[in-house]
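Student: Residue 242 in full-length UniProt numbering sits at position 242 of the sequence shown, and the numbers go up by one each step.
Beta carbons: idealized from backbone N, C-alpha and C, even for Gly.
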Amino acid sequence: MTGITAPPATVSSYAELLQRVRGGDLGPDPRTQRISVAFTTRQSVRHDGRGGGYRNEVLSLRLAEATGSCAVEPGELPADAVEDCVGADVARLLDHDLTAVRVAALDAYLSHALPHQPAQGARDYPLPAGTSLEKSRARARAVVELLDVRRGGTVLVVGVVNSLLEALRARGLRYIPCDLKGGTTEWGEPVRRDAPAELDRCDALLASGMTLGNGSFEPLREHALRHGKPLVMFAQTGSAVLPRLIGAGVSAVCAEPYPFFWLHGGPGTVHRYGGALS
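1) Classify residue 184 as helix, strand or coil using the three-state DSSP reduction.
2) Quick one: measure Cβ to Cβ for residue 212 and residue 238, integer angstroms, because I've assumed they're closer than 8 Å.
3) Taking 8 Å as the cut-off, decide whether the C-beta atoms of residue 127 and residue 261 are in contact.
4) How about the stretch 129-143 and the stretch 90-98: do they share at least three Cβ pairs that are nearer than 8 Å?
5) Please list the terminal residues of the continuous alpha helix (DSSP H) segment that includes residue 38.
6) In chain order, what residues of the same chain have a beta carbon less than 6 Å from the beta carbon of residue 167, not counting five sequence neighbours either side?
7) Can you check DSSP and say which residues form a bridge with residue 127?
8) What residue range is occupied by the uninterrupted beta strand (DSSP E) comprising residue 212?
9) My output table needs one value for residue 12: the three-state DSSP class, helix, strand or coil.
10) According to DSSP, is residue 282 part of a helix, a strand, or is it coil?
11) Which full runs of the alpha helix (DSSP H) of 4+ residues lie inside the stretch 75-101, going along the chain?
12) Name the two residues that bound the continuous alpha helix (DSSP H) containing residue 138.
13) Looking only at C-alpha atoms, which of 68, 101 and 157 sits nearest to residue 232?
14) Using C-beta distances below 6 Å, list every residue in its chain close to residue 79, excluding the 5 sequence neighbours before and after it, in chain order.
15) Should residue 167 be counted as a contact of the ligand ZN given a C-beta to heavy atom distance under 7 Å?
16) Can you say whether residue 120 is buried or exposed, counting buried as having 16 or more other CB atoms within 10 angstroms of its CB?
17) For residue 208, which option in 76, 197, 221 and 200 has the closest C-alpha, if you only look at C-alpha atoms?
18) Taking the alpha-carbon positions, what's the residue 264 to residue 57 distance?
19) Whole angstroms are fine: how far does the CA of residue 160 sit from the CA of residue 183?
20) Please classify residue 279: does DSSP put it in a helix, a strand, or coil?
21) What distance in whole Å lies between the Cβ atoms of residue 43 and residue 62, which are believed to be in contact at a cut-off of 8 Å?
22) For residue 57, which three-state DSSP category applies?
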């Protein structure tokens, strides 16, 4: 395998990242940066040929040319959250009562200050035009290629996406599917609800950026760092946040800023950081 070079870790934890952004260490003073547009995106999907479907809701904040996002459980976001963000400065939103607002504001700020470019360690990966399922599978390949795990290894998947499980199967990898919603996978496998309880059973972790929004990210990062396990993040939520933690528990990120692959059928791009490619 050939390693992908990336800049040294900017910070050692999510808390330190917040502290440095608040202090203006990573870009302009957040008190001078105002959100011009705030919006939500809701979708429900059932891919052709798949037995089940899912729903998404995402809060997005626009700062200059950048958009930051945080997924929430459908219906969880208060009706006035969007209006509360418009015209507000980033510093205020980083202390907002709602976790989703705090994460989206941080993501917008870092997308603006440290955009997805080679200078920041990003490598563009094109997604071809196609159906929703074709694009989902293309994105899954982009994510799973970042895992440095031998055939037969076990991957803890936090945030179940059937296309990702399918890609892991194709590589001869076993997996433990976890999601707060529970349920079953496309193949009838039970989905665990308690990811921390499964950590000792895995060789590597593959987790959604949604873990930033629901507060479950730091235990995953700390476990990966403590035990030297690969932690690959697939990030629509916090796509510009998680690359700053590479080398501090996170080993790779497939960053997908707005607009996401499921919004349109045309070609797109994700940005990969760190990890290893076969």
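Tutor: So, from the data block:
1) Residue state for residue 184 is assigned as strand, using DSSP reduced to three classes.
2) In this structure residue 212 is in contact with residue 238, their Cβ atoms being roughly 5 Å apart against a cut-off of 8 Å.
3) A contact, by the Cβ cut-off of 8 Å.
4) The stretch 129-143 vs the stretch 90-98: no contact.
5) Note, residue 38: premise wrong, no alpha helix (DSSP H); beta strand (DSSP E) at 37-45.
6) Excluding its 5 nearest sequence neighbours in each direction, residue 167 has C-beta neighbours in its own chain below 6 Å: 140, 141 and 144, listed in chain order.
7) Bridge partners of residue 127: 268.
8) Careful: residue 212 lies outside any beta strand (DSSP E), inside the alpha helix (DSSP H) at 210-214.
9) Coil.
10) With the chain covering only 1 through 278, there is no way to say anything about residue 282.
11) Runs of alpha helix (DSSP H) with 4 or more residues, each lying fully within the stretch 75-101, are found at 81-85 and 90-93, listed in chain order.
12) For residue 138, the enclosing alpha helix (DSSP H) begins and ends at 132-144.
13) Ranking 68, 101 and 157 by Cα distance to residue 232 puts 157 first.
14) Here the set comprises nothing.
15) Absence of the ligand ZN from the depicted structure is noted, as is the absence of any ligand whatsoever, leaving it without description.
16) Its Cβ being crowded by 16 or more others within 10 Å, residue 120 is buried.
17) Answer by Cα proximity: 221.
18) Going by the C-alpha atoms only, they are around 16 Å apart.
19) Near 10 Å, if we compare the C-alpha coordinates of residue 160 and residue 183.
20) Outside the shown range of the chain, which is 1 to 278, sits residue 279, and nothing can be said about it.
21) About 19 Å separates the Cβ atoms of residue 62 and residue 43, ruling out a contact at the 8 Å cut-off.
22) Residue state, collapsed to three classes: strand.
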